[in-house]
Structures are given as C-alpha cells and as structure tokens.
Amino acid sequence: MANGTGEGKARRSYRPAVESLDALRLPSGAPQTLPGLAAAYDLFGPASAPTETHAPAVSDATWDTALVDHEIADAFDAAWQSVQDEDVAAGLAQLDRYLSRTWYRAGVVLQQHDDCSQAVYATLLLLMGRVRFDQLVGDVGRRGIRNVLNRETYVGPDFFRAVDAVKKRARRARRFQPLDAIDVADNARDDATRASWRHALQEAIERTLSQREAALIDATLKGETPAEIALRWGVAPKTVSNEKTRVIQKLRGVLVGDHAD
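If you use the numbering used here, the sequence shown closes out at 487, no skipped numbers anywhere.
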C-alpha cells in the first residue's frame, strides 16, 4: 500500500455479472407456457365445432307399413264406434219402454210420457255428464236394464230418484177435472154439461166447505198427494187422507142432492 492509502489493494466488485443474467433472461417477445398449463390444455384439447347429425332415411316399405297400420286403426275405431252406437240405441229403446210403463202406472196422461222421459234423461245428464251418460245407456243396451239399474248399482239410486222427482212434478202439474175427482159426472158427456157441473161444484165448495176443507180440495185438484199436503200443513198423511175422504163425501152429497132437485 503506497503512502498508507491502500490504493494498491484490489477492489471486490458486488455487481452481478451481466452476461450470466442475459443468458438466463427470457426473450420478451416470445410467449411462454407453464408446463402444468400445457398439460391441462393438451388434456382437454382444442374446442371443436359441433358436428351435424343426419336422421337415417325412411324406406318406402316403412312408410307403406305405417300407412296400412293407420288405416287399420281407423277402420277398427269406426267399427267400435258403430258397436257403441248400436248399444246406445238399444239402451235408449229399453229405457223408453220402461219409463212409458212407469208413467202409465203413475196415471200420467199419454201426451206427457215423452216429456217426462226426456226430463229424466236431462237430470241424469246433469248429474253424470255426456260421456258417463252414454256409457250408462250403452251398458243398458248390452246387459239389460235390470242388471244395470237397480238399487244395488252405483247409478241405480240416482236413476230412481230422477224418476220419482219427475213423477211427482207430473202429478202436481196435472189438472184433474173436478167432476171426475169426486165421481159425480158419470152422465156428463158434452162440454155444456161439464161446464154446468163445474159451476155447481164451485158453488158447493163456497157454500158448504170451510176454508181448510176448500184448501184441501184445491190442493187435491192440483195434483198434490196427501203426503205433500201433510208436509206443508205439519200433520200426518193419514190425517189428510181421512179428512179428504170426508170432504169429498160431503161434496158428493151436496151435488147429488142439488142435481136431483
């Protein structure tokens, strides 16, 4: 060391070697991919465009078979519909005969038989709907009315309730000839004689009967049954029947006596 300054000692440099860093530096313009990402990318592969699928062509023989099957199905449906129509027609015929006998036994005039039957059908249609009603009538046509409509079948009670309701309405709407109701017009043949008897009956009711007795005769002539009158009056049906018999006998005596005079 000259002059005690140590200028002769060699200096140690702490600057890294530029050459070695340049050798390790990655080129800035070249894209680099990490090894892990490259593996994942290769695993999934590049996205590919969807491929179009084409349906296989249908042969002429297949079309012919399908058309034949369709025609057979249509023919079968038409035949089955024809059978169902026949069953429904047969069922309606049975129901019409049964209901006509019912109206006849109930004393409904012949001109009202068809209207009463249609009223029963309308009631069942409202309860069941058209499809179930047609099925019911078809069952009657196939199996018979006694096997389908009885108290033990699911629809039997509904049918008989409808019949009873129509029967009661027909009786209530029926207008009896007053002289026929008390059996005093056996000799009345022409309209003039009947009119005379009706006038005499009205006078006898006003002159002879009490207000209650007149109301009983009026209800009877309007077609009400003793049970219906009893329900309205709050008494027993037997009481109404006995009182009606007594009042009619009373009227008969008055009218026959007036006619003899």
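All C-beta atoms, glycine included, are put in the ideal place defined by N, C-alpha and C.
Task: Reference residue 452; option with closest CA among 444, 467, 353 - done: 467
- [ ] Output yes or no for whether 7 angstroms exceeds the beta carbon distance between residue 372 and residue 449.
- [x] no
- [ ] To the nearest angstrom, report how far apart residue 323 and residue 429 are at their CA atoms.
- [x] 43 angstroms
Open item on the list: Is it buried or exposed, residue 390, if we count other Cβ atoms within 10 angstroms and call 16 or more buried?
Closed with: exposed
- [ ] For the alpha helix (DSSP H) holding residue 442, just list the boundary residues, first then last.
- [x] For residue 442, the enclosing alpha helix (DSSP H) stretches over residues 437-447.
- [ ] Could you say which of 441, 438, 329, 435 lies nearest to residue 388 if we only look at CA atoms?
- [x] 329
Task: residue 358 versus residue 351: straight-line alpha-carbon distance, rounded - done: 8 angstroms
TODO: Label residue 473 either buried or exposed according to how many other C-beta atoms from any shown protein chain fall within 10 Å of its C-beta, with 16 as the threshold for buried.
DONE: Under this definition residue 473 is a buried residue.
Open item on the list: Rounding to the nearest angstrom, what Cα-Cα distance links residue 434 and residue 470 in this structure?
Closed with: 14 angstroms
Task: Backbone secondary structure at residue 469 - three-state DSSP - done: Here residue 469 carries a helix assignment [DSSP, helix/strand/coil].
Open item on the list: Using the Cβ count rule (16 or more neighbours within 10 Å means buried), how would you classify residue 365?
Closed with: buried
TODO: With distances taken Cα to Cα, identify the nearest neighbour of residue 349 among 383, 336, 311, 368.
DONE: 383
- [ ] Under 8 angstroms Cβ to Cβ from residue 334, same chain only, skipping five residues before and after it: list those, please.
- [x] These residues qualify, in order along the chain: 342, 393, 396, 397, 400.
TODO: Could I get the ranges of all uninterrupted alpha helix (DSSP H) runs contained in the segment 360-389, with 4 residues as the minimum, in chain order?
DONE: 371-374
Open item on the list: Between 455, 444, 464, which has its C-alpha nearest residue 477's C-alpha?
Closed with: Ranked by Cα distance from residue 477, the options 455, 444, 464 are led by 444.
Open item on the list: Whole angstroms are fine: how far does the CA of residue 432 sit from the CA of residue 480?
Closed with: Approximately 12 angstroms between the Cα atoms of the pair.
Open item on the list: According to DSSP, simplified to helix, strand and coil, what is residue 317?
Closed with: DSSP places residue 317 in helix when its eight states are reduced to three.
TODO: Spatial neighbours of residue 442 within its chain, please: CB distance less than 8 angstroms, with the 5 preceding and 5 following residues excluded, ordered by chain position.
DONE: 455, 466, 469, 470, 473
TODO: Using beta-carbon positions only, say whether residue 362 and residue 381 come within less than 7 angstroms of one another.
DONE: yes
- [ ] Within 10 angstroms of the Cβ of residue 269, are there 16 or more other Cβ atoms? Answer buried if so, exposed if not.
- [x] Confidence at residue 269 is low in this model, with a pLDDT of 47, below 50, so the placement of that residue should be treated as unreliable; the coordinate-derived value is given next. Residue 269 should be labelled exposed.
Task: Extent of the continuous alpha helix (DSSP H) to which residue 346 belongs - done: 339-354
Open item on the list: Going by C-alpha to C-alpha distance, which of 438, 423, 344 sits closest to residue 459?
Closed with: 438
TODO: Have a look at residue 338 and residue 315 and give me their C-alpha separation to the nearest angstrom.
DONE: C-alpha separation (whole angstroms): 22 angstroms.
TODO: Determine the direct distance from the alpha carbon of residue 457 to that of residue 379, and round the result to whole angstroms.
DONE: 31 angstroms
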